[in-house]
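Numbering (the working numbering), first residue to last: 61 to 151.
Structure, rendered in structure tokens:
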């Protein structure tokens, strides 16, 4: 038998679930409890989810035959491509 079938998981003391994958976890400090069917519970060390601003992208008219992409949010350090042609950090 699969030993993982004997485990379930809880994020921050919330309800237990069969999956060890948690989606849409809010920024902040968290922990996960892992519970075995025998009742034993083991807690992870605290870990941090870092928040970030949603990525935005606007297109502005530039000079003749030019489009200027203006990116914001995310983690910065943007790289641009147009029709699969890389432009690096030139927007």
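Glycine residues also receive a C-beta, built at the ideal position from the N, C-alpha and C atoms. Fair warning: this is a prediction, and the values are worked out from it, not measured in the lab.
query, result
"Quick one, are the C-beta atoms of residue 122 and residue 130 less than 8 Å apart?", "no"
"Is residue 131 helix, strand or coil when you go by DSSP?", "strand"
"For residue 107 and residue 117, I'd like the C-alpha separation in whole angstroms.", "31 Å"
"What residue range is occupied by the uninterrupted beta strand (DSSP E) comprising residue 118?", "113-121"
"Taking the DSSP output, what are the residues bridged to residue 89?", "108"
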